[in-house]
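Number of protein chains: 2
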Amino acid sequence: MATIKDIAKKAGVSVTTVSRALNGYDDVNEDTRKKIKQVALELSYSPNAVARSLVSKKTRTIGLIISDINRAGAKDAFAYEVLCGINDRAGDLNYDLLLFSTNPSKQMEKSYTALCKERNVEGAILSGLRLDDPYLQEVIEQNSFPCVLIDIPKTGENVAHVTSDSRVGAAMAVRHLLENGHRHIAMINGHNQAFVSRERFEGYKEALEQYGISANEELAYDGKFSEDGGAEAMYQILIRNPDVTAVFCASDLMALGAMRTLERMGRKVPDDVSIIGFDDISISAYCSPKLTTIRQDKYELGYQAAQLLIDMLENRTDNRKLLLNNQLIVRESTQRLQE
Amino acid sequence: MATIKDIAKKAGVSVTTVSRALNGYDDVNEDTRKKIKQVALELSYSPNAVARSLVSKKTRTIGLIISDINRAGAKDAFAYEVLCGINDRAGDLNYDLLLFSTNPSKQMEKSYTALCKERNVEGAILSGLRLDDPYLQEVIEQNSFPCVLIDIPKTGENVAHVTSDSRVGAAMAVRHLLENGHRHIAMINGHNQAFVSRERFEGYKEALEQYGISANEELAYDGKFSEDGGAEAMYQILIRNPDVTAVFCASDLMALGAMRTLERMGRKVPDDVSIIGFDDISISAYCSPKLTTIRQDKYELGYQAAQLLIDMLENRTDNRKLLLNNQLIVRESTQRLQE
DNA sequence: GTTAATTTCCGAAACGTTTCGGATTTTTAT
DNA sequence: ATAAAAATCCGAAACGTTTCGGAAATTAAC
Numbered sequence: 410m411a412t413i414k415d416i417a418k419k420a421g422v423s424v425t426t427v428s429r430a431l432n433g434y435d436d437v438n439e440d441t442r443k444k445i446k447q448v449a450l451e452l453s454y455s456p457n458a459v460a461r462s463l464v465s466k467k468t469r470t471i472g473l474i475i476s477d478i479n480r481a482g483a484k485d486a487f488a489y490e491v492l493c494g495i496n497d498r499a500g501d502l503n504y505d506l507l508l509f510s511t512n513p514s515k516q517m518e519k520s521y522t523a524l525c526k527e528r529n530v531e532g533a534i535l536s537g538l539r540l541d542d543p544y545l546q547e548v549i550e551q552n553s554f555p556c557v558l559i560d561i562p563k564t565g566e567n568v569a570h571v572t573s574d575s576r577v578g579a580a581m582a583v584r585h586l587l588e589n590g591h592r593h594i595a596m597i598n599g600h601n602q603a604f605v606s607r608e609r610f611e612g613y614k615e616a617l618e619q620y621g622i623s624a625n626e627e628l629a630y631d632g633k634f635s636e637d638g639g640a641e642a643m644y645q646i647l648i649r650n651p652d653v654t655a656v657f658c659a660s661d662l663m664a665l666g667a668m669r670t671l672e673r674m675g676r677k678v679p680d681d682v683s684i685i686g687f688d689d690i691s692i693s694a695y696c697s698p699k700l701t702t703i704r705q706d707k708y709e710l711g712y713q714a715a716q717l718l719i720d721m722l723e724n725r726t727d728n729r730k731l732l733l734n735n736q737l738i739v740r741e742s743t744q745r746l747q748e
Numbered sequence: 410m411a412t413i414k415d416i417a418k419k420a421g422v423s424v425t426t427v428s429r430a431l432n433g434y435d436d437v438n439e440d441t442r443k444k445i446k447q448v449a450l451e452l453s454y455s456p457n458a459v460a461r462s463l464v465s466k467k468t469r470t471i472g473l474i475i476s477d478i479n480r481a482g483a484k485d486a487f488a489y490e491v492l493c494g495i496n497d498r499a500g501d502l503n504y505d506l507l508l509f510s511t512n513p514s515k516q517m518e519k520s521y522t523a524l525c526k527e528r529n530v531e532g533a534i535l536s537g538l539r540l541d542d543p544y545l546q547e548v549i550e551q552n553s554f555p556c557v558l559i560d561i562p563k564t565g566e567n568v569a570h571v572t573s574d575s576r577v578g579a580a581m582a583v584r585h586l587l588e589n590g591h592r593h594i595a596m597i598n599g600h601n602q603a604f605v606s607r608e609r610f611e612g613y614k615e616a617l618e619q620y621g622i623s624a625n626e627e628l629a630y631d632g633k634f635s636e637d638g639g640a641e642a643m644y645q646i647l648i649r650n651p652d653v654t655a656v657f658c659a660s661d662l663m664a665l666g667a668m669r670t671l672e673r674m675g676r677k678v679p680d681d682v683s684i685i686g687f688d689d690i691s692i693s694a695y696c697s698p699k700l701t702t703i704r705q706d707k708y709e710l711g712y713q714a715a716q717l718l719i720d721m722l723e724n725r726t727d728n729r730k731l732l733l734n735n736q737l738i739v740r741e742s743t744q745r746l747q748e
């Protein structure tokens, strides 16, 4: 591996000059610069980023802590799409991504903060974390490097967040059901340690109250954000609230589970029960019946997170919060209540 | 940021001793070690991985060049599942992943080799590359760091590859159709710059010939590995080869496209035409009719790639090639030929 | 022709570790 | 008590860059 020294020797100049020549400083004669570049080429030199960042303190690297990068996440490719967005924007702005192996199985011995500090990332994006994550608080308080949280509403000097408007989205979903004549509307929510679950429940209540219906806590079931959880929740609904004619699910995956249960129990969607989901995962457009849902732009979530983080890094912004809009996608799983 | 020097000063020892104490060398008294650890804690010291790797030449980082991490890849989450596998195994073995921003839009100015060398990754995993990728050859020839290729059959001193047995898989698929009485079987293949396309075509031919049918090149259409490509190819098949009763698609995504066309043209799957795909993406189990396909274990692909690379890094293996098995999943899109 | 300004270069320190080789102290063996 | 062995520590160099402050050489100004 050729180093800057080798070049200096061969070109007959000092390492300083080589460094400055290669980095485009203007206090080096164009002829010497040309020569140096020539030599660099001959030795097929490539700069050592490690050495460089040791002195410059810059790594042009963003740490990624995405806790739900796992096999199960393949169905809703949520983490994936977020990652794509981050990857694209970071790539454009010339940052590389360091994916930390947050191993959820073996108890992690190092905090996210420690990971990021050690590796000298300039900032981090965290996604998929539960509100009760033991290390989350530390990241926010330590405040030692800029970071942006996805779907966790904390802000601070050094921490920003981006999320889509779950409350409004949920209200939109429920209003869609209400407008179609439904009055007995259950909800299958995600686990309570997700900010979005809480928001979506608020949106659910809000819409109902707009129609003069007081939301009944008992109609909100926990589907754990999983397909099986959704299936189980739907089963409970059928047993305990047989008069329900429509269900709002806080994720498409749970909606898929709910539809599975309904099919098994001989109920037709949407004839007997209308189902609306949240996310718009790719399966939703292919399953049968096709799922009505609230589309969340997950790619944009990642894209904006990267943009925001880098803006913070290069302090171009004071903005610490970004709220994206969602969109109602009407397909086949909901219809006007038949009397 | 506390450094090793700060600890040395505060603890009244040399930096050498601090380093050796913290790294568990046994030539340091247990009492001093305890004291040093105590001081380190007080200063909330965390080692600087950059400095460390500058001297040790080790970064415990694997470079990832996955060219198809993009929005479009969300449907078949191929890249995603591979990534999960890599992430899990690398995490277990304590390597971090550096995701290079291979920006396909703007012409990349740096080769993969340059990227990897600069950032001092210890090895790399490349996936989703086309055989005609301009930088692929360089990676293989330069041979400057260990790397494993996914779905590209090159090997060398420093380069290994892992892939699933596309040829056998394809033959399995086509044999399934043959066994169900089909004799006029078309194929919708991916683009020709993918190794797997070539292999799957070979498998297709092989199976046909086993049944005494000579494969007709004209029955193999190019679906470009995309849904729209598959749809278009199916359209061509209907026009040019109306007697075809079954189609083998080299990816589920193309199969989905083919089914879309068939539906639009009023043909029933599988009554009029049987369709079999390849991959087993998640949509395949939900679409209607559910897709018969050849399951590829994408997660395992990534998992084994990481394992193999790290084995190479820590030279525990001479193995440079890994072939995974596929599996026929019979669902609803194929059936016995009706006469 | 002298001085000032500009251009072009360089030495040395710094970044935070690891590690080699040896030095010092303590323990053990005789 | 002395020599040998073991335990514990440390100084200094090294990794490959960047950058500060200034030196030397060239050009411009008068």
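Sequence lines, in order, name chains A and B.
Under our numbering, the first residue of the first sequence carries the number 410, and numbering increases by one thereafter.
Under our numbering, the first residue of the second sequence carries the number 410, and numbering increases by one thereafter.
Even glycine gets a Cβ: it sits at the ideal position worked out from N, Cα and C.
List the endpoints of the continuous beta strand (DSSP E) containing C658 (chain A). 655 to 658
Distance cutoff 8 angstroms, beta carbons only. Does S575 (chain B) sit that close to anything in chain A? no
Chain A within 8 angstroms of P456 (chain B), Cβ atoms only: yes
By how many angstroms is the C-alpha of F487 (chain A) removed from the C-alpha of D574 (chain B)? 29 angstroms
Range of the contiguous beta strand (DSSP E) that encloses A449 (chain B): Careful: A449 (chain B) lies outside any beta strand (DSSP E), inside the alpha helix (DSSP H) at 439 to 451.
Tell me whether the segment 433 to 442 of chain B and the segment 410 to 418 of chain B touch, counting them as touching only if at least three CB pairs, one residue from each stretch, are closer than 8 angstroms. no
Taking DSSP's pairing of strands, which residues face G537 (chain A) in a bridge? Per DSSP, none; premise fails for G537 (chain A).
Can you tell me whether M581 (chain B) sits near the ligand SAH, meaning its C-beta is under 7 angstroms from at least one heavy atom of the ligand? With respect to the ligand SAH, the structure offers nothing, as it holds no ligand at all.
Quick one: is S428 (chain B) near chain A, going by C-beta distance under 8 angstroms? no
Tell me the DSSP bridge mates of Y630 (chain B)? B:I597
Based on the DSSP output, what are the partners of A569 (chain A) in its beta bridges? A:V557
Residue range of the beta strand (DSSP E) that G686 (chain B) falls in? 683 to 688
With distances taken Cα to Cα, identify the nearest neighbour of D689 (chain A) among A:T702, A:G675, A:S697. A:T702
Continuous beta strand (DSSP E) stretch holding D505 (chain A): start and end: 505 to 508
Using a Cβ cut-off of 7 angstroms, which residues of the segment 472 to 491 of chain A contact any Cβ in chain B, in chain order? I478, N479, R480, A483, K484, A486, Y489, E490
With DSSP as the reference, label T701 (chain A) as helix, strand or coil. strand
Any 3 or more C-beta pairs closer than 8 angstroms across the segment 709 to 723 of chain B and the segment 558 to 573 of chain B: yes
CB contact below 8 angstroms: K526 (chain B) versus chain A: yes
Does any residue of chain A bring its CB to less than 8 angstroms from the CB of V459 (chain B)? yes
In the DSSP assignment, find the beta strand (DSSP E) that holds Q731 (chain B) and state where it starts and stops. One point to set straight first is that residue 731 (chain B) is Leu, not Gln, in the sequence displayed. Here the beta strand (DSSP E) through L731 (chain B) covers 730 to 733.
To the nearest angstrom, how far is the alpha carbon of Y613 (chain A) from that of K633 (chain A)? 17 angstroms
Find out if the Cβ-Cβ distance for the pair M643 (chain B), V656 (chain B) is shorter than 8 angstroms. yes
Along the alpha helix (DSSP H) that carries L473 (chain A), what are the first and last residues, could you check? Taken as a continuous stretch (DSSP letters only), L473 (chain A) belongs to no alpha helix (DSSP H), being part of the beta strand (DSSP E) at 470 to 475.
According to a CB-to-CB cut-off of less than 7 angstroms, which residues of the segment 678 to 696 of chain A neighbour chain B? S691, I692, Y695, C696
Name the chain B residues whose beta carbon is nearer than 8 angstroms to that of C493 (chain A)? I478, N479, R480, G482, A483
Can you check the segment 576 to 626 of chain A for any alpha helix (DSSP H) of at least 4 residues that lies completely inside it and give the ranges in chain order? 604 to 619
Per-residue DSSP class, three states only, for I478 (chain A): coil
Report the rounded CA-to-CA distance for D706 (chain B) versus L737 (chain B), giving the unit in angstroms. 12 angstroms
Put Q736 (chain B) into one of helix, strand or coil per three-state DSSP. strand
6 angstroms CB neighbourhood of L797 (chain A) in its chain, flanking five on each side removed: Residue numbering for chain A in the displayed model covers 410 to 748; residue 797 (chain A) lies beyond these limits and cannot be assessed.
9 angstroms Cβ cut-off: residues of chain A touching D505 (chain B): L507, L508, F509, S510, L524, R528
Taking 8 angstroms as the threshold, find out whether the segment 599 to 609 of chain B comes into contact with the segment 651 to 669 of chain B through three or more Cβ pairs. yes
What three-state label does DSSP hand G421 (chain A) in the structure shown? coil
Can you pull the chain A neighbours of L463 (chain B), defined as C-beta to C-beta under 7 angstroms? V459, A460, L463
Anything in the segment 705 to 721 of chain B with a Cβ closer than 8 angstroms to a Cβ of chain A? List those residues in chain order, please. Y708
Kindly confirm or deny that the segment 723 to 743 of chain A and the segment 677 to 697 of chain A touch, where touching means at least three C-beta pairs closer than 8 angstroms. yes
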